[in-house]
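As C-alpha cells, the structure follows; a few thoughts come after it.
Number of protein chains: 2
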Amino acid sequence: MNLQQLRSVSETVRRGFSLTKVAAVLHTSQPGISRQIRELEDELNVEIFERAGKRLTKLTEPGAAVLPIIERILLDVQNLRRAAQDFTGRDLGHLTIAATHAQARYALPAAVLDFRALYPQVTLNLHQGSPRQVAQMLIEGEADIGIATEALSQYGELIALPCYRWTHCVIAPVGHALLDGAPLQLERLARYPILTYEPGFTGRARIDEAFARAGLKPQIVISAMDADVIKTYVELGLGVGIVSTLAYDEVRDRGLRALDAGHLFEVNMTRLAIRRGTLLRTYVLSFIETFAPSLTPSVVKDALASDVALETVS
Amino acid sequence: MNLQQLRSVSETVRRGFSLTKVAAVLHTSQPGISRQIRELEDELNVEIFERAGKRLTKLTEPGAAVLPIIERILLDVQNLRRAAQDFTGRDLGHLTIAATHAQARYALPAAVLDFRALYPQVTLNLHQGSPRQVAQMLIEGEADIGIATEALSQYGELIALPCYRWTHCVIAPVGHALLDGAPLQLERLARYPILTYEPGFTGRARIDEAFARAGLKPQIVISAMDADVIKTYVELGLGVGIVSTLAYDEVRDRGLRALDAGHLFEVNMTRLAIRRGTLLRTYVLSFIETFAPSLTPSVVKDALASDVALETVS
DNA sequence: TATCCTTACGGAATTCGTAAGCATG
DNA sequence: CATGCTTACGAATTCCGTAAGGATA
Numbered sequence: 002m003n004l005q006q007l008r009s010v011s012e013t014v015r016r017g018f019s020l021t022k023v024a025a026v027l028h029t030s031q032p033g034i035s036r037q038i039r040e041l042e043d044e045l046n047v048e049i050f051e052r053a054g055k056r057l058t059k060l061t062e063p064g065a066a067v068l069p070i071i072e073r074i075l076l077d078v079q080n081l082r083r084a085a086q087d088f089t090g091r092d093l094g095h096l097t098i099a100a101t102h103a104q105a106r107y108a109l110p111a112a113v114l115d116f117r118a119l120y121p122q123v124t125l126n127l128h129q130g131s132p133r134q135v136a137q138m139l140i141e142g143e144a145d146i147g148i149a150t151e152a153l154s155q156y157g158e159l160i161a162l163p164c165y166r167w168t169h170c171v172i173a174p175v176g177h178a179l180l181d182g183a184p185l186q187l188e189r190l191a192r193y194p195i196l197t198y199e200p201g202f203t204g205r206a207r208i209d210e211a212f213a214r215a216g217l218k219p220q221i222v223i224s225a226m227d228a229d230v231i232k233t234y235v236e237l238g239l240g241v242g243i244v245s246t247l248a249y250d251e252v253r254d255r256g257l258r259a260l261d262a263g264h265l266f267e268v269n270m271t272r273l274a275i276r277r278g279t280l281l282r283t284y285v286l287s288f289i290e291t292f293a294p295s296l297t298p299s300v301v302k303d304a305l306a307s308d309v310a311l312e313t314v315s
Numbered sequence: 002m003n004l005q006q007l008r009s010v011s012e013t014v015r016r017g018f019s020l021t022k023v024a025a026v027l028h029t030s031q032p033g034i035s036r037q038i039r040e041l042e043d044e045l046n047v048e049i050f051e052r053a054g055k056r057l058t059k060l061t062e063p064g065a066a067v068l069p070i071i072e073r074i075l076l077d078v079q080n081l082r083r084a085a086q087d088f089t090g091r092d093l094g095h096l097t098i099a100a101t102h103a104q105a106r107y108a109l110p111a112a113v114l115d116f117r118a119l120y121p122q123v124t125l126n127l128h129q130g131s132p133r134q135v136a137q138m139l140i141e142g143e144a145d146i147g148i149a150t151e152a153l154s155q156y157g158e159l160i161a162l163p164c165y166r167w168t169h170c171v172i173a174p175v176g177h178a179l180l181d182g183a184p185l186q187l188e189r190l191a192r193y194p195i196l197t198y199e200p201g202f203t204g205r206a207r208i209d210e211a212f213a214r215a216g217l218k219p220q221i222v223i224s225a226m227d228a229d230v231i232k233t234y235v236e237l238g239l240g241v242g243i244v245s246t247l248a249y250d251e252v253r254d255r256g257l258r259a260l261d262a263g264h265l266f267e268v269n270m271t272r273l274a275i276r277r278g279t280l281l282r283t284y285v286l287s288f289i290e291t292f293a294p295s296l297t298p299s300v301v302k303d304a305l306a307s308d309v310a311l312e313t314v315s
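Chains as they are written, first to last, in this note's numbering: chain A, 2 to 315; chain B, 2 to 315.
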C-alpha cells in the first residue's frame with residue numbers, strides 16, 4: 002500500500018470515475034492510475050469500484066466502506082505537512098478564504114487589513130461564491146476558511162462557528178414616502194416594490210419568513226446576489242431595498258437613506274466554517290481571532306477536537 | 002512522503018530511539034531506517050529527532066507535533082486493511098483479548114465458548130496480565146480488546162466501556178469462627194489475618210478504602226494477583242480471604258464457605274476497553290456483545306465516534 | 001574499544017510511460 | 001467509430017542492502 006494508490010482512489014471518486022481526468026489532475030499517465038487502483042484492490046482483496054465492462058461506474062459496498070478512511074489518511078498527510086510548515090516558517094504560507102459577497106465586501110476588509118499587517122508574508126487568497134459554493138470549497142479542501150450567513154451549518158463535513166449577529170435594514174432613495182418618520186411596519190413595506198437578495202443569500206430566508214408569517218406577499222421586483230446591485234437599482238428608483246445593515250454606509254451612500262429593520266426580520270448569524278479534521282496553522286487561527294475575537298485559538302481547537310466522527314464497519 | 006518513512010519514525014519512538022532495533026523490527030537494514038527518517042525530515046524541512054552527535058536521543062518540538070498525526074495515519078492504514086478484510090471474509094481473522102486473571106478465569110470462559118461457536122474460523126488469542134499491562138497492550142495495538150476492573154479508565158488513548166458490576170465476598174475454611182451466622186462486619190473481619198489481591202488488582206483499592214474509612218488496619222498476610230492462589234492458602238488455614246464473588250464456586254470450592262461482602266466494600270465495575278481510533282471488525286463487535294449484552298455494536302460504535310481528539314498546532 | 005549512526009556505492013527490484021489491445025456507448 | 005480502460009513491454013528511476021567511515025560512551 003502506498004499513498005499514491007490512495008490518492009488515485011480518492012481522486013477517481015472526486016472526478017466522477019474518469020481515470021483519464023484523474024491522470025491529468027495527478028500529473029501522470031492514465032494506465033498508471035489504472036494500475037494504482039488495481040494494485041490497491043489486489044492488496045486489500047476487494048473491488049473498490051464497480052466496472053461496467055472496462056469503465057468504472059461507481060463505488061462497490063467495500064469501496065464505500067474504505068473511502069472515508071482513505072480520505073482521512075490523505076487529510077492527515079496534509080495535516081502532517083502543515084504541522085511541519087508551522088515550524089519551518091510560522092508566518093509563511095497561504096491562506097485561502099471563501100466568502101459570500103456580503104462578507105467579502107463589508108465584513109472582511111478590516112480583518113484582512115489587520116491580518117496583512119500581522120502576517121505580511123502569508124499569501125492571502127479571497128474567493129467569492131454562494132454559500133453553497135463556499136461550503137463546497139471547504140469540503141474539497143480548496144479553501145481553509147469559509148464565511149457566510151447561510152448554509153454552513155448544514156454540512157456534516159464542516160464545523161461552523163458563530164461570528165457575529167446582524168440585522169437587515171430598509172433602504173430607499175432620499176425623499177421616498179417611506180422616510181416620513183412613521184414607524185416602519187411590515188404591512189406598509191409590502192406595499193412598495195422590493196429589491197433584495199436572491200433566495201439562499203444573506204438572510205433572504207428570514208425576510209421571506211417574516212412576510213409569510215404576516216400573511217403578506219411582497220412584490221420582489223429585483224433579487225440580486227449582493228447589496229451593491231440592489232443599492233444601485235434602489236437609487237434608480239425601482240423600489241425599496243432590504244439589505245444587511247452592514248451594507249449601508251451613510252457617507253458613501255449619499256443618495257440613500259436607511260431605516261433599521263431589526264424588529265421586522267429575525268436576527269442573522271454569520272458563521273465561519275472549517276473542514277472537520279483539518280489542522281489549522283497558527284496564522285489561520287490568528288486570522289480567525291482577528292475576524293471574530295470571540296473565536297480564540299483555544300475555542301477553535303476545542304471545537305475541532307470535540308467531534309471528529311470515526312467510521313466503523315457497518 | 003511514503004508510509005515506510007512514517008513507520009520508521011513511529012517505531013523509532015516506540016523502540017527508544019534505537020535505529021538498530023527499529024531495523025530488526027521492520028525487517029530491513031539499519032542504514033535503510035536512517036535514510037527513511039532523513040528523507041522525511043528533508044521533505045518536511047524539520048528535524049524530527051534530536052541528535053547527540055550521531056545518536057538519536059529524543060523528539061524535537063516539531064517532532065512531538067507531527068508524531069500524533071503520523072500515528073493516526075498508521076492506525077488508519079490498519080483500519081483500512083481491517084475494513085477490507087471484513088468484506089473478504091467476514092468471519093475470518095484474529096482476535097486478541099488482553100485480560101486480567103480474574104476475567105480470564107471467571108468471566109471470559111462463557112463468552113469465549115459462545116464466540117467460538119459463532120465464529121469458528123476466528124483465531125482467538127487470550128493474553129493475561131496486570132490491568133496496566135492490559136492497557137499497554139491495547140495502546141501498542143497488540144490486543145484488540147482489553148478487560149479489567151482497574152486502570153482502564155485512566156488512559157486517554159483508550160475508550161473504556163462498563164460491562165458489569167460485581168462485589169467482593171469473604172471466604173473462610175469450613176468451620177471457621179467467622180461462619181457462625183452473625184452478620185459480617187468490618188471490625189470483626191479485621192481481627193483475622195487477611196488474604197486478598199495485590200494493590201492494583203481486582204478491586205483491591207475498594208478494600209483498602211473501606212478499611213481506611215473505618216479507621217481499621219487489617220493485617221494482610223498474603224496478597225496475590227489472583228483468587229486461585231488466595232483460595233489455596235485460605236484453605237490451608239492462613240486466614241480469611243477477600244475475593245471477587247465470581248471467584249467462588251460452591252461445588253468446586255468444597256473446603257471453603259463464602260459470605261457476601263457487598264455491604265462492606267464498594268461495588269466494582271469491570272470495563273472493556275478498546276484503543277481510540279481503531280476500526281472494529283464485525284466479529285470483534287460480536288464478541289463484545291456476547292461478553293456484555295448491553296454493549297451492542299451500535300453502542301460501541303457511538304462511543305468510538307463520540308470523541309476522537311484531533312491535535313492542532315500548539 | 002565497542003556501539004551505533006551516517007555516508008557511499010552497486011545491484012536489484014520497482015515503477016512508470018508509451019504503444020497496442022479491446023470493450024462499450 | 002470514438003472514447004476509455006486494460007495489458008504488454010522496455011527504459012529509467014528508485015530503492016535497498018552491504019561495506020566503509022566517523023562519533024560517542
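From the three backbone atoms N, C-alpha and C, an ideal C-beta is built for every residue, glycine too.
Let me know if A111 (chain B) comes out buried or exposed under the rule of 16 or more other beta-carbons within 10 Å of its beta-carbon.
Position 110 of the second sequence holds residue 111 (chain B). With fewer than 16 Cβ atoms within 10 Å of its Cβ, A111 (chain B) is classed as exposed.
For chain B, find out if any of its Cβ atoms is closer than 8 Å to the Cβ of A84 (chain A); answer yes or no.
By one-based count along the first sequence, residue 84 (chain A) stands at place 83. Judged by the 8 Å Cβ criterion, A84 (chain A) is in contact with chain B.
Nearest-angstrom beta carbon gap, E48 (chain A) and Q6 (chain A) [assumed within contact, 8 Å]
The residue given as residue 6 (chain A) occupies position 5 in the first sequence. The residue given as residue 48 (chain A) occupies position 47 in the first sequence. Contact between Q6 (chain A) and E48 (chain A) fails: their C-beta atoms lie close to 14 Å from each other, not under 8 Å.
Looking at chain B, which residues of the region 112-138 of chain A have a Cβ within less than 9 Å of any of its Cβ atoms?
none
In this structure, does DSSP put F50 (chain A) in helix, strand or coil?
Here residue 50 (chain A) refers to the residue found at position 49 of the first sequence. Strand, per DSSP.
Determine the closest residue to A262 (chain A) out of A:T283, A:L187, A:E210, with distance taken between C-alpha atoms.
Residue numbering aside, residue 262 (chain A) sits at position 261 when the first sequence is read from its first letter. Comparing Cα positions, the closest option is A:L187.
So what does DSSP say about V252 (chain B), is it helix, strand or coil?
The sequence position of residue 252 (chain B) within the second sequence is 251, counting from 1. Looking at V252 (chain B) - three-state DSSP - the assignment turns out to be coil, as it is neither helix nor strand.
Does the distance between the C-beta of L68 (chain A) and the nearest non-hydrogen atom of the ligand GDP fall short of 7 Å?
Absence of the ligand GDP from the depicted structure is noted, as is the absence of any ligand whatsoever, leaving it without description.
Return helix, strand or coil for Q6 (chain B), following the three-state DSSP convention.
Here the question's residue 6 (chain B) lines up with position 5 in the second sequence. Note: Q6 (chain B) maps to helix in three-state DSSP.
Against chain A, which members of the region 60-74 of chain B pass a CB distance test of less than 8 Å?
Answer set for the region 60-74 of chain B: E62, P63, A66, V67, I70, I71, R73, I74.
8 Å Cβ cut-off: residues of chain A touching D77 (chain B)
The residue given as residue 77 (chain B) occupies position 76 in the second sequence. Going along chain A in sequence order, the residues near D77 (chain B) (Cβ under 8 Å) are I70, R73, I74, D77.
Cutoff 6 Å; reference G242 (chain A); Cβ partners in own chain excluding five residues on either side:
The residue you call residue 242 (chain A) lines up with position 241 of the first sequence. The residues are I172, L196, I231, V235.
Contact criterion: CB-CB distance below 8 Å. Does N269 (chain B) meet it with respect to chain A?
Residue numbering aside, residue 269 (chain B) sits at position 268 when the second sequence is read from its first letter. So no, N269 (chain B) is outside the interface.
Assigned secondary structure, H102 (chain A) (DSSP; H/G/I helix, E/B strand, else coil):
If you number the first sequence from 1, residue 102 (chain A) lands on position 101. Three-state DSSP puts H102 (chain A) in a helix.
Limits of the alpha helix (DSSP H) - the one that Y193 (chain A) falls within:
If you number the first sequence from 1, residue 193 (chain A) lands on position 192. Per DSSP, Y193 (chain A) belongs to no alpha helix (DSSP H) and is neither H nor E.
Please report the distance separating the alpha-carbon of Y193 (chain B) from that of A274 (chain B).
Sequence index remark: in the second sequence, residue 193 (chain B) carries index 192 (1-based). Sequence index remark: in the second sequence, residue 274 (chain B) carries index 273 (1-based). Each residue's alpha carbon lies about 37 Å from the other.
My assumption, with CB atoms under 8 Å, is that Y165 (chain B) sits in contact with T271 (chain B). Please give the rounded CB distance.
Taking the first residue of the second sequence as position 1, residue 165 (chain B) is located at position 164. Taking the first residue of the second sequence as position 1, residue 271 (chain B) is located at position 270. Rounded, the Cβ-Cβ distance is 6 Å, consistent with contact.
Does the distance from the CB of P63 (chain A) to the CB of A103 (chain B) come in under 8 Å?
As a position in the first sequence, residue 63 (chain A) is number 62, starting the count at 1. As a position in the second sequence, residue 103 (chain B) is number 102, starting the count at 1. Result no, Cβ atoms of P63 (chain A) and A103 (chain B) do not sit closer than 8 Å.
On the DSSP bridge list, what partners appear for T246 (chain A)?
Residue 246 (chain A) sits at position 245 when you count from the first residue of the first sequence. None, per the DSSP bridge assignment.
Chain-ordered residues of the region 259-284 of chain B with a beta carbon less than 8 Å from chain A
G278, L280, L281, R282, T283
Give me whichever residues DSSP pairs with S295 (chain A) in a beta bridge.
Residue 295 (chain A) sits at position 294 when you count from the first residue of the first sequence. According to DSSP, S295 (chain A) bridges with nothing at all.
Contact with chain A by F288 (chain B), beta-carbon distance below 8 Å:
One-based indexing of the second sequence puts residue 288 (chain B) at position 287. No - not a single Cβ of chain A is within 8 Å of the one on F288 (chain B).
Note down the Cα distance separating A215 (chain B) from L139 (chain B), rounded to an integer number of angstroms.
Along the second sequence, read from residue 1 onward, the residue named residue 215 (chain B) stands at position 214. Along the second sequence, read from residue 1 onward, the residue named residue 139 (chain B) stands at position 138. Taking the straight line joining both Cα atoms gives about 37 Å.
Give me the Cα-Cα distance between E141 (chain B) and H128 (chain B), rounded to the nearest whole angstrom.
As a first step, residue 141 (chain B) must be located in the second sequence, where it is residue number 140. As a first step, residue 128 (chain B) must be located in the second sequence, where it is residue number 127. Roughly 14 Å separates the two Cα atoms.
Just tell me which of A:S19, A:N269, A:N80 has its CA closest to the CA of P163 (chain A).
Numbered from its first residue, the first sequence carries residue 163 (chain A) at position 162. When only C-alpha atoms are compared, the closest one is A:N269.
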